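So the protein sequences, as listed, match chains A and B.
In terms of our numbering, the first sequence opens at residue 1128 and continues consecutively.
In terms of our numbering, the second sequence opens at residue 4 and continues consecutively.
The beta-carbon is built from N, C-alpha and C at its ideal position, and this holds for glycine as well.
Please read all numbers here as calculations on a predicted model, not as lab measurements.
For reference, the structure is listed below as structure tokens.
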Amino acid sequence: MKNPWQIMWREVYGDKLAFVSLVVFFAIVFVAYAWSLSFSVDDVERMYLLRRNQPPCREFWLGTDMVGRDMVVQLVVGARNSFTIAFVVSFATAGIGIFVGLLAGVYGGRLDNILMRVIDFFIMLPTFMVTIVLITMLPSTPVMLGAVLTLFGWLGMARGIRMVALRQSALDYVRASKTLGTPNIVIIFREVLPNIVSFMVVSLTLTIANTIGIETGLTFLGFGMPFTTPSLGTLIAQAANPAALQNRPWQWLPAALLILVVTMCINYVGQALNRAVDVKRRRR
Amino acid sequence: MKIILRRFLVVLPQLWLLSVAVFLLAQAMPGDALTGLIDPDVSPEDIDRLRVELGLNRGWAVQYMEWMRGIFRGDFGRSWHYARPVTEVIGERLPNTVRLSLVGAAFTYLLAIPLGFVAGRYRETLADRLIVAYTFVAIAMPTLVFALLNIFVFGFRLGWFPIMGSVDVRLAPGSAAFWLSRLHHLILPAFTAAILNTVGIINILRSEIIENESAEYVTTARAKGLPEGKVYSRHIFRNATLPLASGLGASIAGLLSGSVIIERVFGYPGMGNLFVTSITARDFPTANALIMIYGFIGVAGVLLSDIFITIADPRIRIR
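Structure, rendered in structure tokens:
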């Protein structure tokens, strides 16, 4: 029998498109982190006041923005910041979601009932708007933004994990183990967890793509990252200005396309991984 | 009927909880109904006097009761930013958002049902592959990026569609040209929302059709010599669309509340746009009323879906 990681790897490696996506994604992330090391804080903040709204040229490959900052620097550092937020928030939501989902799914009973009512309640809220309200009430820092995104992000994950955990718990091998008197905590780690690992990885992957989408969306509306901290969101938010949207595509289009490429790569990998979750659809 | 009634009874406490949550959120927000009035000409004593008059010095429970009583009368208080009743301000935007959602829903189903059907019936053909590729792209597409690309290409570059507003204000209200202009303003945002919403429906429909093909009733239909086209249109299609009924309410609710970014990008004067404006202007009574309304829409959408599915599929009974 193969372990879940091998199954997942085979799905991605066997699917050409997914494999290419994975490579492209890691390449982009690597370039963003490595390249941004070469810029100092000074480089990021430097404004060429006489060369504002400069279209792409030899000196500024992607032109400059409305205050004269070099768009290449902004894009690289912005991408790195967006990735960092997306990774941190995704791992935090996954951690909480998996913990709560497993608790509810394996222990069941009253605990499950209480947790699910709490989640039902939060999911019923118009989360996007409540997120916006919370962000305006809290100090505008990347950490706060991450905290608020995590606060509402884990709900869906917990629900999904609970479902697969419940399904596993109802299977004979878990029941047999319970009958033998194995403590729940051992059942969680030894029986249920390995069997839902691929589901967790899929959820995590898609959460990363989602978080990038939400961060850029919030920033575009004016509630995300502050203008002075470049992110893919602050770059794309320049399109909120109709003049920039119409006449200066170099200020927002590269960020938009980068987001598109990244989310597509993540989704293709996610689709391939998804097949690893479902035994019937795995490649043989 | 009994089931629908029972669902209703579950919804009521949900709505009550929602109202409490929104109220607590409102209490936590900075400022109060007098914030907009504070300027150097108004003395602090006057502000204090007004605060007592408006009952803002009373306990939370009392204020909550007052606020709820207002909502039942359709009174959400006064907007600090527009200095008018919130109900009036929202009332102007609500029809626009409803129109956008309905046209968006219409586009969604008009696109998704034929595509899902073709993909399911002619699977593994070129048409199916193209449709599946389309869903792959659309599912990964962030709303904001798609909306920006659409307005940039079709609004600015090609100039086919207006780039903001909901209607050409120079036209006389009620005339045919006025309504045509309305539609013209709706097409691009509605289309943007629709494309992104088709994915789920296409996927469900495709897999349902594939699953139903091997059902026994299909074998029976074929065995009695029914033409293949009728097997699909009469038998498979009907059963495959059932799960869509359960998604209808949620999908309309999703369109109603998920349009903040789309309304913003297309400068469309709906509730989502108003929400952003009100938050930016710290106009919390308006923002609160909108959250309450969106929450209500969400709850109503789920309820509606349950009702649809009970009507459409007698097998489903909620315990």
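Inter-residue Cα distance where the pair is L15(B) and T313(B)
The sequence position of residue 15(B) within the second sequence is 12, counting from 1. The sequence position of residue 313(B) within the second sequence is 310, counting from 1. Their backbone Cα atoms lie some 20 Å apart in a straight line.
At a Cβ cut of 9 Å, what residues of the segment 278 to 292 of chain B count as close to chain A, listed as they run along the chain?
F278, V279, I282, T283, R285, F287, A290 and N291
CB contact flag (G270(B), L307(B), <8 Å)
The residue labelled residue 270(B) in the question sits at position 267 within the second sequence. The residue labelled residue 307(B) in the question sits at position 304 within the second sequence. Their beta carbons are not under 8 Å apart, which means G270(B) does not touch L307(B) by this criterion.
From L1385(A), R1409(A) and R1302(A), residue whose alpha carbon lies closest to that of A1159(A)
Indexing the first sequence from 1 puts residue 1159(A) at position 32. Cα-wise, what sits closest to A1159(A) is L1385(A).
Host alpha helix (DSSP H) of K227(B) (start-end):
Taking the second sequence and counting its residues from 1, the one referred to as residue 227(B) is at position 224. Counting along the chain, K227(B) falls outside any alpha helix (DSSP H), and DSSP gives it neither H nor E.
So, under 8 Å CB-CB, A1382(A) and L1202(A) are touching, yes? Tell me the CB distance rounded to an integer number of Å.
Within the first sequence, numbered from 1, the residue matching residue 1382(A) stands at position 255. Within the first sequence, numbered from 1, the residue matching residue 1202(A) stands at position 75. 6 Å between Cβ atoms; contact.
DSSP-derived helix/strand/coil call for R72(B)
Residue mapping note: residue 72(B) aligns to position 69 of the second sequence, counting from 1. DSSP places R72(B) in helix when its eight states are reduced to three.
Hey, out of N153(B), S169(B) and L208(B), whose CA is closest to I198(B)'s CA?
Looking up residue 198(B) in the second sequence gives position 195. Among N153(B), S169(B) and L208(B), the Cα nearest to that of I198(B) is on N153(B).
Quick check on R322(B): buried or exposed, where buried means 16 or more other Cβ atoms within 10 Å of its Cβ?
Counting from 1 along the second sequence, the entry for residue 322(B) is found at position 319. Only weak support exists for where R322(B) lies, its pLDDT of 43 falling under 50; the value from the coordinates is given anyway. R322(B) should be labelled exposed.
With a threshold of 8 Å between beta-carbons, can I212(B) be considered close to chain A, or not?
Here residue 212(B) is taken as the residue at index 209 of the second sequence, counted from 1. Answer no: the Cβ-Cβ gap between I212(B) and chain A never drops below 8 Å.
Assigned exposure category for V1200(A) - 16 Cβ within 10 Å defines buried
Numbered from its first residue, the first sequence carries residue 1200(A) at position 73. The residue in question, V1200(A), is buried, as its Cβ has 16 or more Cβ neighbours within 10 Å.
Going by DSSP, what residues sit across from P88(B) in a beta bridge?
The count along the second sequence starts at 1 and reaches residue 88(B) at position 85. Bridge partners of P88(B): R81(B).
Straight-line gap, L1359(A) to S169(B) (C-alpha atoms, nearest Å):
Here residue 1359(A) refers to the residue found at position 232 of the first sequence. Here residue 169(B) refers to the residue found at position 166 of the second sequence. Their Cα atoms are separated by approximately 29 Å.
In the DSSP output, which residue or residues are listed as bridge partners for T1361(A)?
Start at 1 with the first residue of the first sequence, and residue 1361(A) comes out as number 234. Answer is none; T1361(A) lacks a bridge partner.
Would you be able to state if there are at least three C-beta pairs under 8 Å between the segment 232 to 244 of chain B and the segment 154 to 168 of chain B?
no
Per-residue DSSP class, three states only, for D1197(A)
Here the question's residue 1197(A) lines up with position 70 in the first sequence. Strand at D1197(A).
Can a CB atom of chain A be found closer than 8 Å to the CB of R9(B)?
For this step, residue 9(B) is matched to residue 6 along the second sequence. For R9(B), the answer is no, since every Cβ of chain A falls outside 8 Å of its Cβ.
Show which residues of chain B have a CB atom less than 8 Å away from the CB atom of G1349(A).
Along the first sequence, one-based indexing puts residue 1349(A) at 222. Those are V279 and T283, listed as they occur along chain B.
For R267(B), tell me which candidate among G250(B), I166(B) and G301(B) has the shortest Cα-Cα distance.
For the purposes of this step, residue 267(B) is identified with residue 264 of the second sequence, where counting begins at 1. The shortest Cα separation from R267(B) among G250(B), I166(B) and G301(B) belongs to I166(B).
Supposed contact pair I1262(A) and V1275(A) - C-beta distance, whole angstroms, cut 8 Å:
Position 148 of the first sequence, counted from the start, is the residue given in the question as residue 1275(A). Position 135 of the first sequence, counted from the start, is the residue given in the question as residue 1262(A). 6 Å between Cβ atoms; contact.
Return the Cβ separation of Y1352(A) and T1338(A) in integer angstroms, given the expectation that the two are a contact with Cβ distance under 8 Å.
Working through the first sequence from its first residue, we reach residue 1352(A) at position 225. Working through the first sequence from its first residue, we reach residue 1338(A) at position 211. At residue 1352(A) the sequence reads Met, which differs from the Tyr that was named. The Cβ separation is near 13 Å, so there is no contact.
Could you check if T111(B) is buried or exposed, using at least 16 other CB atoms within 10 Å of its CB as the buried criterion?
Locating residue 111(B) in the second sequence gives position 108, counting from the first residue. The residue in question, T111(B), is buried, as its Cβ has 16 or more Cβ neighbours within 10 Å.
Is the Cβ of T146(B) closer than 8 Å to any Cβ of chain A?
Here residue 146(B) refers to the residue found at position 143 of the second sequence. Yes, its Cβ sits closer than 8 Å to a Cβ of chain A.
My output table needs one value for R322(B): the three-state DSSP class, helix, strand or coil.
Translated into positions along the second sequence, residue 322(B) becomes position 319. Residue placement at R322(B) is flagged as unreliable, the pLDDT there being 43, under the threshold of 50; the coordinate-derived value follows with that caveat. Three-state DSSP puts R322(B) in coil, outside helix and strand.
Take G275(B) and list the residues in its own chain whose beta-carbon comes closer than 6 Å to its own, dropping the five residues that flank it on each side.
To locate residue 275(B), count along the second sequence from 1; it is residue 272. S262, V263 and E266.
Own chain, CB closer than 8 Å to V302(B), minus 5 neighbours either side, in chain order
As a working mapping, residue 302(B) is identified with position 299 in the second sequence. Same-chain partners within the cutoff: V14, Q17, L18 and L21.
Chain-ordered chain A contacts of L152(B) [CB-CB under 8 Å]
Stepping through the second sequence from its first residue, residue 152(B) is reached at position 149. Result: A1383.
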